[in-house]
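For reference, the structure discussed in these notes is given below.
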Amino acid sequence: MGEGGADDPSGWQADRALRHIVRTIVDYALPPRCPGCGLVVDDDRQFCLSCWSSLTFLDGPACSLCSIPLPAALPGPVTCGACLAAPPPFDGAPSAVAYGPVARTVALRLKYGRRVGHARLMAQLMARPLGKLADAEPVLLVPVPLHRWRLWSRGFNQAALVADELTRLTGIPHDHDLLLRIKATKALRGQGRRERERIVAGAFALGNGAKERAAGRHLVLIDDVHASGATLRAAARALRRSGAARVSALSWARVFPDALMTSNIFDFARVDSDMMDERMTG
Ligand SMILES: [Zn+2]
Ligand SMILES: [Zn+2]
Numbered sequence: 000m001g002e003g004g005a006d007d008p009s010g011w012q013a014d015r016a017l018r019h020i021v022r023t024i025v026d027y028a029l030p031p032r033c034p035g036c037g038l039v040v041d042d043d044r045q046f047c048l049s050c051w052s053s054l055t056f057l058d059g060p061a062c063s064l065c066s067i068p069l070p071a072a073l074p075g076p077v078t079c080g081a082c083l084a085a086p087p088p089f090d091g092a093p094s095a096v097a098y099g100p101v102a103r104t105v106a107l108r109l110k111y112g113r114r115v116g117h118a119r120l121m122a123q124l125m126a127r128p129l130g131k132l133a134d135a136e137p138v139l140l141v142p143v144p145l146h147r148w149r150l151w152s153r154g155f156n157q158a159a160l161v162a163d164e165l166t167r168l169t170g171i172p173h174d175h176d177l178l179l180r181i182k183a184t185k186a187l188r189g190q191g192r193r194e195r196e197r198i199v200a201g202a203f204a205l206g207n208g209a210k211e212r213a214a215g216r217h218l219v220l221i222d223d224v225h226a227s228g229a230t231l232r233a234a235a236r237a238l239r240r241s242g243a244a245r246v247s248a249l250s251w252a253r254v255f256p257d258a259l260m261t262s263n264i265f266d267f268a269r270v271d272s273d274m275m276d277e278r279m280t281g
């Protein structure tokens, strides 16, 4: 076998390392681009005005458990009818933005392109809902884990990258080994609710020493997209067995039914001058 040949693992690793270095240099050499549409912008972690204004920020009145938007702010925590009838296994499930074309592009570019700048950007916008979740108990961030086969083929876990960035930004610690994915599951897209729950049932388990690390803490699951919620519910059920004081689920983007997205319930979020100022001043 020739040195550095295709079958030589050290040659393959060197090739991979070289590609990583080239990629990093290219990232630095090119002008920063809007993560939503690719337009050249001032800073890598900044949307262009058009993409920014198309995002729907989820900071209006919402169910205290599942975060589905509610028509009007009422005093105290309010729970929606669905959560009253069947409480979810988490104590809160906020997201930074509603899932739409721009939120989707950012999530996909992180997931398939390992754009760490995108993880940072997502974390910046998730820090606000995380701050609202933080309460009496000390918080520990728990990224939704990938099964080891998928981690091996993709090379990284996008939820873990976001959790790392949240820790850098807020100082709130994360734990990558508290929760394990012990079952490789097929994609949930296109499956009915009951089938989704069946697919992810038993997919998660607590890691070694999880109970000691979780006791008395508020565990906050971190994920990129909260779609049907079946994965987050299964993960939260596993975390409940750790002895944690509370379990929540924080995500970058939340998928809502089309009917809700086209209603005027999101009008409050279309123009948020506070956040616009934050963006303009970096
Ligand atoms: Zn843009
Ligand atoms: Zn609810």
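Following numbering that gives the first Met the number 0, the numbering of the sequence shown begins with 0 at its first residue and continues without gaps.
Quick reminder that beta carbons are idealized off the backbone N, C-alpha and C, glycines included.
Please read all numbers here as calculations on a predicted model, not as lab measurements.
Heavy atom of ligand 1 within 8 Å of residue i beta-carbon
i	result
F46	yes
G37	yes
V101	yes
S262	no
S152	no
Per-residue burial, residue i [other beta carbons within 10 Å of its own, 16 or more giving buried]
i	result
M125	buried
S262	exposed
I221	buried
Y111	exposed
G91	buried
S247	buried
A38	Note that residue 38 corresponds to Leu in the displayed sequence, not to Ala. With fewer than 16 other Cβ atoms within 10 Å, it is exposed.
N207	exposed
W251	buried
P144	buried
S152	exposed
L73	exposed
S49	exposed
P93	buried
P68	buried
R193	exposed
A85	exposed
Residue i: CB within 8 Å of a non-hydrogen atom of ligand 2
i	result
A81	yes
S227	no
S94	no
C65	yes
P68	no
P87	yes
C62	yes
T284	The structure shown has nothing for residue 284, since the chain only spans 0 to 281.
Residue from the options whose Cα sits closest to the Cα of residue i
i	options	result
V189	P128, I181, L73 and I198	Contrary to the premise, residue 189 reads as Gly rather than Val in this sequence. Selected option, being the one with the closest Cα: I198.
L213	G112, G201 and L178	At residue 213 the sequence reads Ala, which differs from the Leu that was named. For the residues G112, G201 and L178, the minimum Cα distance to A213 belongs to L178.
G191	D223, H173 and G228	G228
A81	A71, S63, Y98 and A97	S63
R180	R193, V219, R147 and P76	R147
E196	F46, R167 and R236	R236
A158	D174, D257 and P60	D174
L165	D176, R119, A135 and K185	R119
R44	P31, R240 and S53	P31
G116	L205, P93 and R167	R167
P87	A102, C65 and Y98	C65
G201	A85, K182, A186 and L187	K182
F255	A61, L29, R149 and S52	A61
F203	D223, A233 and L132	A233
K210	K185, L187, D176 and T230	D176
Residues near residue i in its chain [Cβ-Cβ closer than 6 Å; skip 5 each side]
i	result
T104	G35
A243	A213, R216 and L218
V138	I171, H217 and V219
L109	H117, A118 and Q157
Neighbourhood of residue i by C-beta distance below 8 Å, restricted to the same chain and skipping five residues each side
i	result
C47	C33, G35, C36, L38 and V40
R240	L205
Contact with chain C by residue i, beta-carbon distance below 9 Å
i	result
S53	No chain C appears in this structure, which consists of one protein chain only.
Neighbourhood of residue i by C-beta, 7 Å cutoff - its chain only, sequence neighbours within 5 removed
i	result
Q123	R44 and L168
*asked:* Could you tell me which whole alpha helix (DSSP H) segments of length 4 or greater appear in the segment 185–218?
replied: 192–199 and 209–213
_Runs of alpha helix (DSSP H) wholly within the segment 22–87 (minimum 4 residues, chain order)_ = 48–53 and 80–84
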